[in-house]
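**Student:**
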Amino acid sequence: MNMAMTKSVTFCGVVALIAMVTLSPAGAAPSDFDGVWLPDVKDQHRQEKENPPPWKAEILAQVEHQIAEEKAGRPFLVLSHCLPHGMPTWMLINHNAFEWLTTPGRVTMLGEVDGNRMRRIYTDGRPHPDDPDPTLHGHSIGHWEGDVLVVDTTAIVPQAYIASSEAVGIPNDGDMHIVERLYLAKPNVLNDELEITAPKVLTAPWKTTRIFRRYPERHYEIIEGECQQEDLVPAKDAYGNDIFVSHPQRPDGSVSTAK
Amino acid sequence: MVSPKIILVAASLLLGFGGVAAAHHSGAAYDTEHPRTMEGTVKTVNWTNPHITFVIEADAKDGAPAQTWVFEVSSPGVLTRSGWTKKSLQPGDHATFHYAPLRDGSSGGFLMRVTLPNGQELSFSLTPSDQ
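Residue numbers (this note's numbering), protein chains in the order written: chain A, 144 to 402; chain B, 233 to 363.
Structure representation (structure tokens):
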């Protein structure tokens, strides 16, 4: 082989190597996160036991009471109203899918089951407002560190729960701050590494990673569902128009067999 | 009528029950340790959120009047992703219902699996099995 050929072979080898590195799964573009994601519920249950929040002692007493009440058949209802889970509970205990949508300057997460689950994560470089109006999802700003979306959330209402399950949860009581690192652990596996700082109820920042999976070959869609729609049944009004009328379920949310 | 993608995961659903039951509430009201079976005819399908419910008329036995039962399952999203449609179980369908009964003994429960007259099984899971 002459010199020119050796050089070109070497050059091709280097190009191939660079191509392999840049085309590896680690080279994820923001739009690679788009799609419908389902939570890993088995891992949620595992973490209930293996990675509970570091509750303050007086808060732990409340948590243990909730656990006992659930065992006794009187579960506390963390979600007793039509408000969204909010942060961080949406990421922690939700059993339904969400859709990740990337648009210029923003990432939007759209939840299922309750149309009002939506997180807007601003990636346009804006800071948190000086005097925010607290909300259930808080104010989220994000920036990319390579393939990782780092999200900082503040201004969450004190009433937003830190929940371990639908029957065990404590309000954050204010001053909660959440930092997340969101990245593709595999092409269709999204990891959300949360660090939750809630000085009123936790002894230390709580770290937990939540896992979500995408099934592109199954073409899953988000199915519309409105909160407590089950408490309404189709009926007719006096004119024969189609309306919904109230048909409430049991207080603990389970099915009502009363007529 | 029924999607070929119905996934039979009754076992995994039973094992993973605690808190799995519902989008919005604990499954504490249901006795998952003692599942039961009953037969009846579908009267109403409430394909709604967060829990789809099926109102069933139990087969009348020994001259006693038929009882009305109500079963709940998961959300339309979860059932759709498990291969159900609104028509998978329709008013007038007779089937065998496998359920976790309400602890207070009233006629209802959390429905885990349905066996149709042709032998086909309908069930659902929060987690699609990886194929």
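Cβ atoms here follow ideal geometry from the backbone N, Cα and C, with glycine treated the same way.
In this text, all values refer to a predicted model and were calculated from it rather than measured experimentally.
Determine the burial state of B/Asn281: buried for a count of at least 16 other Cβ atoms within 10 Å of its Cβ, exposed for fewer.
**Tutor:** Taking the first residue of the second sequence as position 1, residue 281 of chain B is located at position 49. Burial call: buried.
**Student:** Can you give me the C-alpha to C-alpha distance between A/Arg361 and A/His282, rounded to a whole angstrom?
**Tutor:** The residue labelled residue 361 of chain A in the question sits at position 218 within the first sequence. The residue labelled residue 282 of chain A in the question sits at position 139 within the first sequence. Going from the Cα of A/Arg361 to the Cα of A/His282 covers about 33 angstroms.
**Student:** Give every residue of the same chain whose Cβ lies closer than 6 angstroms to the Cβ of A/Asp107, excluding the five residues on either side of it in the sequence, and list them in chain order.
**Tutor:** Only positions 144 to 402 of chain A appear in this structure, which leaves residue 107 of chain A out of reach.
**Student:** Any beta-carbon of chain B closer than 8 angstroms to the one on A/Thr165?
**Tutor:** Start at 1 with the first residue of the first sequence, and residue 165 of chain A comes out as number 22. Note that A/Thr165 scores 45 on pLDDT, short of 50, meaning its location in the model is unreliable; the coordinates nonetheless yield the value given after this. Not closer than 8 angstroms to any Cβ of chain B, the Cβ of A/Thr165 fails to qualify, so no.
**Student:** Within the 8 angstroms Cβ cut-off, does B/Val310 reach chain A?
**Tutor:** Within the second sequence, the letter at position 78 stands for residue 310 of chain B. At least one chain A Cβ lies under 8 angstroms of B/Val310.
**Student:** Checking contacts by CB at 8 angstroms: is B/His257 closer than that to chain A?
**Tutor:** One-based indexing of the second sequence puts residue 257 of chain B at position 25. Chain A, which has a Cβ nearer than 8 angstroms to the Cβ of B/His257, makes this yes.
**Student:** Measure from the alpha carbon of B/Pro267 to the alpha carbon of each residue in B/Gly341, B/Asn350 and B/Ser355, then state which is nearest.
**Tutor:** Translated into the one-based positions of the second sequence, residue 267 of chain B becomes position 35. It is B/Gly341.
**Student:** What residues of chain A sit near B/Arg335, judged by a beta carbon separation below 7 angstroms?
**Tutor:** Taking the first residue of the second sequence as 1, we reach residue 335 of chain B at position 103. Near B/Arg335 (Cβ distances below 7 angstroms), the residues of chain A are Gly216.
**Student:** Using alpha carbons as the reference points, say which of B/Thr273, B/Glu265 and B/Ala332 lies closest to B/Pro323.
**Tutor:** In the second sequence, residue 323 of chain B corresponds to position 91, counting from 1. Considering only alpha carbons, the answer is B/Thr273.
**Student:** Would B/His283 pass as an interface residue toward chain A - the criterion being a Cβ-Cβ separation below 8 angstroms?
**Tutor:** Residue numbering aside, residue 283 of chain B sits at position 51 when the second sequence is read from its first letter. With 8 angstroms as the cut-off, B/His283 counts as an interface residue toward chain A.
**Student:** What is the C-beta distance between B/Ala260 and A/Pro218, in whole angstroms, given that I count them as a contact (C-beta under 8 angstroms)?
**Tutor:** Walking along the second sequence from the start, residue 260 of chain B turns up at place 28. Walking along the first sequence from the start, residue 218 of chain A turns up at place 75. About 4 angstroms; that satisfies the 8 angstroms criterion.
**Student:** Starting from A/Asp335, trace the alpha helix (DSSP H) in both directions and tell me its first and last residue.
**Tutor:** Counted from its first residue, the first sequence places residue 335 of chain A at position 192. Segment Val332 to Thr340 is the beta strand (DSSP E) holding A/Asp335; no alpha helix (DSSP H) there.
**Student:** Closer than 8 angstroms, CB to CB, is B/Pro360 near chain A or not?
**Tutor:** Within the second sequence, the letter at position 128 stands for residue 360 of chain B. Judged by the 8 angstroms Cβ criterion, B/Pro360 is in contact with chain A.
**Student:** Whose CA, out of A/Lys214, A/Gly178 and A/Gly285, lies closest to the CA of B/Tyr262?
**Tutor:** Position 30 of the second sequence holds residue 262 of chain B. It is A/Lys214 whose Cα lies nearest to the Cα of B/Tyr262.
**Student:** With 7 angstroms as the C-beta to C-beta threshold (strictly closer), list the residues of the segment 242 to 256 of chain A near chain B in chain order.
**Tutor:** Listed in sequence order: Glu255 and Val256.
**Student:** Need the endpoints of the alpha helix (DSSP H) that B/Gly309 sits in, please.
**Tutor:** Looking up residue 309 of chain B in the second sequence gives position 77. Looking at the DSSP string, the run of the alpha helix (DSSP H) that includes B/Gly309 is Pro308 to Arg313.
**Student:** Does the segment 319 to 326 of chain A touch the segment 340 to 355 of chain A, meaning 3 or more C-beta pairs lie closer than 8 angstroms?
**Tutor:** Because the criterion of three Cβ pairs below 8 angstroms is met, the segment 340 to 355 of chain A and the segment 319 to 326 of chain A touch.
**Student:** Could you name the residues that DSSP lists as bridge partners for A/Met261?
**Tutor:** Taking the first residue of the first sequence as position 1, residue 261 of chain A is located at position 118. Answer is A/Leu253.
**Student:** Could you tell me whether the Cβ of A/Val294 comes closer than 8 angstroms to any Cβ of chain B?
**Tutor:** Here residue 294 of chain A corresponds to residue number 151 of the first sequence, with the count starting at 1. Output row for A/Val294: interface = no.
**Student:** For A/Gly254, I'd like the list of residues in its chain whose CB is within less than 6 angstroms of its CB, leaving aside the five on either flank, ordered along the chain.
**Tutor:** Translated into positions along the first sequence, residue 254 of chain A becomes position 111. For A/Gly254, where only same-chain residues beyond five positions count, the Cβ hits under 6 angstroms are Phe241 and Arg260.
**Student:** So, helix, strand or coil for A/Ser283, using DSSP?
**Tutor:** As a first step, residue 283 of chain A is located in the first sequence; it is residue number 140 there, counting from the start. In the structure shown, A/Ser283 sits in a strand (DSSP, three-state: E or B).
**Student:** What does a CB cutoff of less than 7 angstroms around B/Val305 pick up in its chain, not counting 5 residues either side in sequence?
**Tutor:** Taking the first residue of the second sequence as 1, we reach residue 305 of chain B at position 73. Contacts found: His283, Ile284, Leu311, Leu343 and Phe356.
**Student:** Return helix, strand or coil for B/Ala292, following the three-state DSSP convention.
**Tutor:** Numbered from its first residue, the second sequence carries residue 292 of chain B at position 60. If DSSP states are grouped into helix, strand and coil, B/Ala292 belongs with coil.
**Student:** Whose C-beta lies closer than 7 angstroms to the C-beta of A/Val206 among residues of the same chain, with five residues either side of it excluded?
**Tutor:** Locating residue 206 of chain A in the first sequence gives position 63, counting from the first residue. Cβ neighbours of A/Val206 beyond the five flanking positions: Trp198, Val311 and Ile313.
**Student:** Which residues in chain B have a C-beta closer than 9 angstroms to the C-beta of A/Asn239? List them in chain order.
**Tutor:** The count along the first sequence starts at 1 and reaches residue 239 of chain A at position 96. Result: Ala255, Pro282, Ser306, Ser307, Gly309, Val310 and Leu358.
**Student:** Just tell me which of A/Gly383, A/Ala172 and A/Glu369 has its CA closest to the CA of A/Cys225.
**Tutor:** Translated into the one-based positions of the first sequence, residue 225 of chain A becomes position 82. Out of A/Gly383, A/Ala172 and A/Glu369, A/Glu369 has the C-alpha closest to the C-alpha of A/Cys225.
**Student:** Determine which residues share a DSSP beta bridge with A/Asp385 and list them.
**Tutor:** The residue you call residue 385 of chain A lines up with position 242 of the first sequence. A/Asp385 is bridged to A/Lys379.
**Student:** What does a CB cutoff of less than 7 angstroms around A/Ser308 pick up in its chain, not counting 5 residues either side in sequence?
**Tutor:** Stepping through the first sequence from its first residue, residue 308 of chain A is reached at position 165. Closer than 7 angstroms at the Cβ level, and outside the excluded window around A/Ser308, lie Glu191 and Ile236.
**Student:** With a threshold of 16 other CB atoms inside 10 Å of the CB of B/Leu336, please say whether the residue is buried or exposed.
**Tutor:** In the second sequence, the residue the question calls residue 336 of chain B occupies position 104. In the sequence as displayed, the identity of residue 336 of chain B is Asp instead of Leu. Flag for B/Asp336 reads exposed.
**Student:** Does the CB of A/Leu337 have a neighbour CB from chain B at under 8 angstroms?
**Tutor:** In the first sequence, the residue the question calls residue 337 of chain A occupies position 194. Not one chain B Cβ lies under 8 angstroms of A/Leu337.
**Student:** Taking all protein chains shown into account, do 16 or more other C-beta atoms lie within 10 angstroms of the C-beta of B/Ser381, making it buried, or fewer, making it exposed?
**Tutor:** Absent from the structure is residue 381 of chain B, since the part of chain B shown begins at 233 and ends at 363.
**Student:** Cα separation between A/Pro270 and A/Leu220?
**Tutor:** Taking the first residue of the first sequence as 1, we reach residue 270 of chain A at position 127. Taking the first residue of the first sequence as 1, we reach residue 220 of chain A at position 77. Straight-line Cα distance between these residues: approximately 35 angstroms.
**Student:** Using 8 angstroms as the limit for Cβ to Cβ distance, is A/Lys329 near chain B?
**Tutor:** The residue you call residue 329 of chain A lines up with position 186 of the first sequence. No, its Cβ sits nowhere closer than 8 angstroms to a Cβ of chain B.
**Student:** Can you give me the start and stop residues for the alpha helix (DSSP H) that A/Asp186 sits inside?
**Tutor:** In the first sequence, counting from the first residue as 1, residue 186 of chain A sits at position 43. Where A/Asp186 is concerned, the enclosing alpha helix (DSSP H) stretches over Val184 to Glu193.
**Student:** Which of the three DSSP states, helix, strand or coil, is assigned to B/Trp301?
**Tutor:** Mapped onto the second sequence, residue 301 of chain B falls at position 69. Strand.
**Student:** Report the rounded CA-to-CA distance for A/Asn331 versus A/Arg353, giving the unit in angstroms.
**Tutor:** Position 188 of the first sequence, counted from the start, is the residue given in the question as residue 331 of chain A. Position 210 of the first sequence, counted from the start, is the residue given in the question as residue 353 of chain A. Looking at the two C-alpha atoms, the distance is approximately 14 angstroms.
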